[in-house]
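In what follows, a structure is listed as structure tokens, so that the remarks can point back to it.
There are 4 protein chains.
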Amino acid sequence: MTQDGVDELRLRLREFAAERDWEQFHTPKNLAMALAGEVGELLEIFQWLTPEQAAEVMDSGRADDVRDELADVTIYLVRLADILGVDLLEVAHTKLDRNHHRFPPGDVRSRADVPPVSR
Amino acid sequence: MTQDGVDELRLRLREFAAERDWEQFHTPKNLAMALAGEVGELLEIFQWLTPEQAAEVMDSGRADDVRDELADVTIYLVRLADILGVDLLEVAHTKLDRNHHRFPPGDVRSRADVPPVSR
Amino acid sequence: MTQDGVDELRLRLREFAAERDWEQFHTPKNLAMALAGEVGELLEIFQWLTPEQAAEVMDSGRADDVRDELADVTIYLVRLADILGVDLLEVAHTKLDRNHHRFPPGDVRSRADVPPVSR
Amino acid sequence: MTQDGVDELRLRLREFAAERDWEQFHTPKNLAMALAGEVGELLEIFQWLTPEQAAEVMDSGRADDVRDELADVTIYLVRLADILGVDLLEVAHTKLDRNHHRFPPGDVRSRADVPPVSR
Chain A
30 MTQDGVDELR LRLREFAAER DWEQFHTPKN LAMALAGEVG ELLEIFQWLT PEQAAEVMDS
90 GRADDVRDEL ADVTIYLVRL ADILGVDLLE VAHTKLDRNH HRFPPGDVRS RADVPPVSR
Chain B
30 MTQDGVDELR LRLREFAAER DWEQFHTPKN LAMALAGEVG ELLEIFQWLT PEQAAEVMDS
90 GRADDVRDEL ADVTIYLVRL ADILGVDLLE VAHTKLDRNH HRFPPGDVRS RADVPPVSR
Chain C
30 MTQDGVDELR LRLREFAAER DWEQFHTPKN LAMALAGEVG ELLEIFQWLT PEQAAEVMDS
90 GRADDVRDEL ADVTIYLVRL ADILGVDLLE VAHTKLDRNH HRFPPGDVRS RADVPPVSR
Chain D
30 MTQDGVDELR LRLREFAAER DWEQFHTPKN LAMALAGEVG ELLEIFQWLT PEQAAEVMDS
90 GRADDVRDEL ADVTIYLVRL ADILGVDLLE VAHTKLDRNH HRFPPGDVRS RADVPPVSR
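Residue numbers (this note's numbering), protein chains in the order written: chain A, 30 to 148; chain B, 30 to 148; chain C, 30 to 148; chain D, 30 to 148.
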């Protein structure tokens, strides 16, 4: 039987923090800041790239940096959600259910002035 | 057989974008910016709260806002990773394997000057 | 005699906070989060625009939004610097002095792999 | 006669970019991302600090890092505003004029549920 991957990561992060006595630092404010800090590092990889260069970043010398920053963002997002008791996949699907009705495909086709995918 | 939850969300986001012809907007630069924008909205929920208020945010009137922003962050993170061909759970575990050795529990116990969980 | 503009804004922000008894919220952590939140709103304006649309944003219907977000970013940056006792113009010039030597014009001409302007 | 400090920095940044042929990278989207990236680095300094530690950060070993990140944020903000043709001090004062009326001191005294200083 397969345990869901997000849940497995969530439990590993709990253990990781516990065995280092780092739970005291993992408050919602601190984790939200840490999440934003890692997203900032992700932006730095892309900031000076042309759209064409950005599209090929995984074939460039920055591929490992991209993987590294996406790992950090994932880690802090999953840890923050665990602290807050939020199921990330569940809230994402709930949001998409709502957006499916807010943005009917026929109404928003190809339009950038309505928020693609989400909000 | 259970399909992994992240993978299921990833495929739903592909379909969501495709049926609205929004793939043209979903470049790595644009999605990284969108991810950062949603994290910014998450920060705004917490910015004026005391640590105590932040710890109880899910029992406050802002609980739905927190769920909503976490949903948006998750959606853009999963969509960005799909565009880049990165498996978020895999890179997170790889990072944790490395950090487990960089930060041995006995060396970093209770210390805030080493980056908790990640980095 | 002209008082420097940043200093004038700094003093106005002090007064603004004092007459509302908001100094208690203006801690470095909170203001750094607020600054990041406003930068996130700025990103949201640009995130789906093509480079061409972004270059003409001040001739579009989003011009007032851009001014509004730049105002918020400026306000929180000046307020944070005041709380920390940092002179923003002085530290910016010090950084540029250093970068002038780190990135001699002849060595970095047209190169995106060295960080333009700063860092 | 004193030239305004922001204006002086703005002109220095123009020259700095021109003599390195970096103007091509300084698009609004790229500069907004760079601004967000630097704010992310600022957040990283504060993320694990207690409110008490954060209040004393300028007396700690991180003081130079704070000055450095505030310098970078200032540089990108002033450069972005120059590219967009926005006067940062003017828009900040316009916003404060508006907020002065939206948040009359007597109505919002000590309240965190109205946005301090701005927004």
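C-beta: ideal position from N, C-alpha, C; glycine also.
Since this is a predicted model, take the numbers as computed values, not measurements.
Between the options, which lies nearest to residue i when the distance is taken from Cα to Cα?
{"i": "Glu70/A", "options": "Asp94/A, Ala61/A, Glu85/A and Gly114/A", "result": "Asp94/A"}
{"i": "Pro80/A", "options": "Ala83/D, Leu99/D and Phe54/D", "result": "Phe54/D"}
{"i": "Ala65/C", "options": "Pro57/B, Asn59/B and Trp77/B", "result": "Trp77/B"}
{"i": "Asp36/D", "options": "Arg140/D, Ala47/D, Glu119/D and Asn128/D", "result": "Glu119/D"}
{"i": "Ala121/A", "options": "Leu117/B, Glu98/B and Asp50/B", "result": "Glu98/B"}
{"i": "Val86/B", "options": "His129/A, Leu38/A and Lys58/A", "result": "Lys58/A"}
{"i": "Glu73/A", "options": "Tyr105/D, His130/D, Asp111/D and Arg43/D", "result": "Tyr105/D"}
{"i": "Ala141/C", "options": "Arg39/D, Leu38/D and Thr56/D", "result": "Thr56/D"}
Just checking my contact of residue i with residue j at CB under 8 Å: how many whole Å lie between their CB atoms?
{"i": "Val115/A", "j": "Arg41/B", "result": "19 Å between Cβ atoms; not a contact."}
{"i": "Leu117/C", "j": "Thr123/D", "result": "So it is not a contact: roughly 20 Å between Cβ atoms."}
{"i": "Glu154/C", "j": "Asp101/C", "result": "No answer is possible for residue 154/C: the residues shown for chain C start at 30 and end at 148."}
{"i": "Asp111/C", "j": "Arg39/C", "result": "5 Å"}
Find the residues of chain D that neighbour residue i, judging by a C-beta separation of less than 7 Å, and give them in chain order.
{"i": "Ala65/B", "result": "Ala65"}
{"i": "Val68/A", "result": "Gly69"}
{"i": "Arg96/C", "result": "Val115 and Val120"}
Residues of chain B with CB closer than 8 Å to the CB of residue i, please, in chain order.
{"i": "Gly135/C", "result": "Ordered by position in chain B, no residue passes the 8 Å Cβ test against Gly135/C, which lies about 30 Å from the chain."}
Give the interface partners of residue i over in chain C, defined as CB-CB distance under 8 Å, in chain order.
{"i": "Gln82/B", "result": "What Gln82/B touches in chain C: nothing, since even the nearest Cβ is about 11 Å away."}
Give me the chain C residues within the contact set of residue i, using Cβ-Cβ distance strictly less than 7 Å, ordered along the chain.
{"i": "Glu48/B", "result": "Those do not exist, as Glu48/B stays about 18 Å from chain C at its closest Cβ, beyond 7 Å."}
{"i": "Phe54/B", "result": "Trp77"}
Nearest-angstrom Cα distance between residue i and residue j?
{"i": "Asp33/B", "j": "Asp33/A", "result": "6 Å"}
{"i": "Ala61/A", "j": "Phe75/B", "result": "8 Å"}
{"i": "Phe45/A", "j": "Ala47/B", "result": "39 Å"}
{"i": "Ser139/B", "j": "Pro133/B", "result": "12 Å"}
{"i": "Asp126/C", "j": "Asp136/C", "result": "16 Å"}
{"i": "Gly90/A", "j": "Gln82/C", "result": "30 Å"}
{"i": "Arg43/A", "j": "Arg131/B", "result": "18 Å"}
{"i": "Met30/A", "j": "Leu109/A", "result": "In this predicted model, Met30/A has a pLDDT of only 42, less than 50, meaning its place in the structure is not dependable; the value taken from the coordinates is given anyway. The alpha-carbon atoms of Met30/A and Leu109/A are separated by roughly 27 Å."}
{"i": "Ala92/D", "j": "Ala92/A", "result": "33 Å"}
{"i": "His129/A", "j": "Asn128/C", "result": "49 Å"}
{"i": "Val107/D", "j": "Ala63/D", "result": "12 Å"}
{"i": "Arg148/D", "j": "Leu113/A", "result": "Here Arg148/D scores only 44 on pLDDT, less than 50, and its place in the model should not be relied on; the value that follows carries that caveat. If you take the alpha carbons of Arg148/D and Leu113/A, they lie about 26 Å apart."}
{"i": "Asp88/B", "j": "Ala84/D", "result": "28 Å"}
List, in chain order, every chain B residue whose beta-carbon is nearer than 9 Å to that of residue i.
{"i": "Ala141/D", "result": "Trp77, Leu78, Thr79 and Gln82"}
Can you pull the chain C neighbours of residue i, defined as C-beta to C-beta under 9 Å?
{"i": "Met62/A", "result": "Lys58, Ala61, Met62 and Ala65"}
Say whether chain E places a C-beta atom closer than 9 Å to the C-beta of residue i.
{"i": "Arg138/A", "result": "Any reference to chain E falls outside this structure, whose protein chains are A, B, C and D."}
Whose Cβ in chain A lies nearer than 9 Å to the Cβ of residue i?
{"i": "His130/B", "result": "Within chain A, no residue comes near His130/B; the closest Cβ sits about 12 Å away, beyond 9 Å."}
Give the interface partners of residue i over in chain B, defined as CB-CB distance under 7 Å, in chain order.
{"i": "Glu73/C", "result": "Gly66"}
{"i": "Leu149/A", "result": "The displayed coordinates of chain A run from 30 to 148. Any statement about residue 149/A would go beyond what the structure contains."}
What residues of chain D sit near residue i, judged by a beta carbon separation below 9 Å?
{"i": "Asp111/C", "result": "Here the premise fails: no neighbours, minimum Cβ distance about 11 Å."}
Please find out if some non-hydrogen atom of the ligand NAD comes closer than 8 Å to the beta-carbon of residue i.
{"i": "Trp51/A", "result": "Annotation note on the ligand NAD: not contained in the displayed structure, which lists no ligands."}
(request) Ignoring anything shorter than 3 residues or poking outside the stretch 63-122 of chain D, list the beta strand (DSSP E) runs there in chain order. (result) Taking only runs of at least 3 residues, no beta strand (DSSP E) segment lies wholly in the stretch 63-122 of chain D.
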